[in-house]
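Novice: Structure provided below as structure tokens; questions to follow.
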Amino acid sequence: MPYEVQGVIARGKGEAVSVETVLIPDPGPGEAVVNIKACGVCHTDLHYREGGINDDFPFLLGHEAAGVVEAVGPGVTGLEPGDYVILNWRAVCGQCRACLRGRPWYCFATHNAAQKMTLIDGTELSPALGIGAFAEKTLVAAGQCTRVQVEAPAEVAGLLGCGVMAGIGAAINTGGVTRGDTVAVIGCGGVGDAAILGSSLAGASKIIAVDVDDRKLEWARGFGATHTVNSRSADPVEAIRELTGGFGADVVIEAVGRVETYKQAFYARDLAGTVVLVGVPTPEMTLDLPLLDVFGRGGSLKSSWYGDCLPSRDFPMLIDLFLQNRLPLDKFVSETIALDSVEEAFAKMHRGEVLRSVVLL
């Protein structure tokens with residue numbers, strides 16, 4: 003019997019979201035139904051509502067979630083009802099060339115549930131990032147569920163499902179930040195602040211936060227930034243160089259996804275330094291850099307997919323650090339809200355008033 007639940011639906015580009023009845027099918031082979039306990043309001047959900055991802059409306063929004071497994075389908079192993087899990091949007095296949103080379107965090111054939119969730123009239127829904135967790139229950143591929151310690155509150159644990167993991171992973175996994183490194187992070191929203199936190203955790207000696215909003219720069223200090231630069235009033239490249247003895251930072255993380263900030267990151271790194279792009283650009287953006295500068299500066303230009311994380315490895319480790327009071331994930335939670343307050347949360351996020359609003363169910 004399908005489950006009837008309430009979920010947040012985006013019916014059309016730019017339209018206000020609505021809470022509607024959603025039908026969740028029983029899990030099929032390789033699938034699981036999860037009772038959602040909490041789900042963060044991520045900027046990606048707003049991108050879906052604005053048609054910035056694709057036009058496969060209507061969308062069941064929400065993807066940054068933690069919950070408890072309700073049921074599993076045939077063939078599922080290593081997961082059972084009652085397991086406390088964080089959801090991820092990249093269930094690895096284990097068979098593609100990346101997985102077979104021992105690099106499953108690059109899996110080229112990630113997958114989601116095969117069945118569709120629907121509205122009460124049978125209209126098929128497109129779940130955000132293959133999850134759709136602004137709902138009381140959702141259907142996912144079993145590989146999208148990662149078991150973690152139940153002692154971690156769901157409103158904190160769920161944040162690892164997207165933005166916080168993307169930022170921490172951009173610093174540690176992609177950027178390879180290590181003890182004594184100098185790091186600059188351009189863009190101090192949730193992902194940028196997570197990159198700052200990850201750099202601090204890795205032992206960076208100097209962490210420079212760059213943004214146009216003094217309020218966000220103050221938040222960045224709370225996550226470990228040692229210096230801040232407001233790029234409305236100062237040239238960020240010159241400021242970063244001045245703060246690093248004229249050399250530039252060892253690792254510069256771009257967490258905005260814009261051409262101008264990427265160029266700032268490129269020129270603000272030290273020779274043979276690393277640039278990490280974790281901000282998500284839009285399809286029309288193009289980058290023009292002198293090829294001689296690319297050659298002459300050496301180093302690495304990297305893109306970070308989901309923080310190059312492997313959920314089965316990274317989620318339990320980070321939750322363990324949180325439970326040891328070594329990783330203040332709770333600082334990301336600006337407020338907890340009800341399911342019918344997502345539209346208001348989008349407005350607060352757009353105005354830069356919150357790092358994360360989190361829906362509690």
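According to our numbering, the sequence shown is numbered sequentially starting from 3. Every residue, glycine too, gets a C-beta built ideally from N, C-alpha and C.
Cβ of E157 within 8 Å of Cβ of V360?
Specialist: Yes, Cβ-Cβ distance for E157 and V360 is below 8 Å.
Novice: Just list the beta strand (DSSP E) runs in the region 108-154, keeping only unbroken ones of 3 residues or longer that don't cross its boundaries, in chain order.
Specialist: Listed in chain order, they are 139-143 and 147-149.
Novice: For the region 32-40 against the region 72-87, do three or more pairs of beta-carbon atoms, one drawn from each stretch, fall closer than 8 Å, so that the two count as touching?
Specialist: At 8 Å Cβ cutoff, the stretches touch.
Novice: At the 8 Å Cβ level, is I170 part of the contact set with chain C, yes or no?
Specialist: Checking the listed chains, one finds no chain C in this structure; it contains a single protein chain.
Novice: If you run the structure through DSSP and keep just helix, strand and coil, what is C41?
Specialist: Residue state, collapsed to three classes: strand.
Novice: Less than 8 Å separating the beta-carbons of G145 and A68?
Specialist: No, these two residues do not count as a Cβ contact at 8 Å.
Novice: Under a three-way DSSP split, which group does E33 fall into?
Specialist: DSSP places E33 in strand when its eight states are reduced to three.
Novice: Starting from T263, follow the beta strand (DSSP E) in both directions and report where the run begins and ends.
Specialist: Careful: T263 lies outside any beta strand (DSSP E), inside the alpha helix (DSSP H) at V261 to Y269.
Novice: Y269 and L289 - do their beta-carbons sit closer together than 8 Å?
Specialist: Against a cut-off of 8 Å, the Cβ pair of Y269 and L289 comes out as no contact.
Novice: Just confirm the distance between the C-beta atoms of A115 and A143, as a whole number of angstroms; I'd bet it's less than 8 Å.
Specialist: Yes, they are in contact, since the Cβ atoms of A115 and A143 sit about 5 Å apart, within 8 Å.
Novice: Which runs of the beta strand (DSSP E), 3 residues or longer, sit entirely within the region 48-75?
Specialist: As far as the region 48-75 is concerned, its whole beta strand (DSSP E) runs of at least 3 residues are 66-74.
Novice: What residue from G16, A173, A274 and T23 has the CA that sits closest to G298's CA?
Specialist: Residue A274 is the option with its Cα nearest to G298.
Novice: Taking the C-alpha atoms as reference points, what is the distance between L341 and Q266?
Specialist: Spanning the two alpha carbons is a distance of roughly 39 Å.
Novice: From E6 to L127, what does the alpha carbon distance come to, in whole angstroms?
Specialist: Whole-angstrom Cα-Cα distance: 14 Å.
Novice: So if DSSP puts H229 in a beta bridge, which residue, or which two residues, is it bridged to?
Specialist: Its beta-bridge partners are I210.
Novice: Below 7 Å CB to CB, which residues in the same chain sit around L331 once its five sequence neighbours on both sides are set aside?
Specialist: Excluding positions up to five away in sequence, the list reads V158, L161, V166 and F324.
Novice: Who are the Cβ neighbours of T246 in its own chain at under 6 Å, not counting the five residues just before and after it?
Specialist: If we look at T246 and ignore the five residues flanking it on each side, its Cβ neighbours are T184.
Novice: What residue from P238, L48, A18 and G309 has the CA that sits closest to V179's CA?
Specialist: Of the listed residues, the one whose Cα sits closest to V179 is G309.
Novice: For V254, I'd like the list of residues in its chain whose CB is within less than 6 Å of its CB, leaving aside the five on either flank, ordered along the chain.
Specialist: Excluding sequence neighbours, V254 sits near A186, A267, A270, R271 and V277.
Novice: Evaluate P83 with the Cβ neighbour count: other Cβ atoms within 10 Å of its Cβ, from every protein chain shown; 16 or more gives buried, anything less gives exposed.
Specialist: When all chains shown are included, P83 counts as exposed.
Novice: Can you grab the Cα-Cα spacing for the pair G30 / K304, in whole Å?
Specialist: Rounded to whole angstroms, G30 to K304 spans 38 Å at the Cα level.
Novice: Does DSSP put D183 in a helix, in a strand, or in coil?
Specialist: DSSP places D183 in coil when its eight states are reduced to three.
Novice: On the three-state DSSP scale, how would you describe E17?
Specialist: Here E17 sits in coil by DSSP.
Novice: Which of the three DSSP states, helix, strand or coil, is assigned to A257?
Specialist: Coil at A257, not helix or strand.
Novice: Specify, as a first and last residue, the run of the alpha helix (DSSP H) that K304 falls within.
Specialist: Element bounds for K304: not the alpha helix (DSSP H) but the beta strand (DSSP E), S302 to S305.
Novice: Looking only at DSSP bridge pairs, what is S359 linked to?
Specialist: According to DSSP, S359 bridges with E337.
Novice: Comparing alpha-carbon positions, which option in D216, G281 and I11 lies nearest T23?
Specialist: It is I11.
Novice: Would you mind giving the Cβ-Cβ distance between D231 and V212, rounded to the nearest angstrom? I have them listed as a contact below 8 Å.
Specialist: A small fix is needed here, since residue 231 is Val in this sequence, not Asp. Their Cβ separation, rounded to whole angstroms, is 5 Å, which keeps V231 and V212 in contact under 8 Å.
Novice: Going by C-alpha distance, which of T140, S302, G259 and Q151 is nearest P283?
Specialist: Nearest C-alpha to P283: G259.
Novice: Taking only three categories from DSSP, how would you classify A12?
Specialist: Reduced to three states, the DSSP call for A12 is strand.
Novice: In terms of DSSP beta bridges, what is A251 paired with?
Specialist: R271, per the DSSP bridge assignment.
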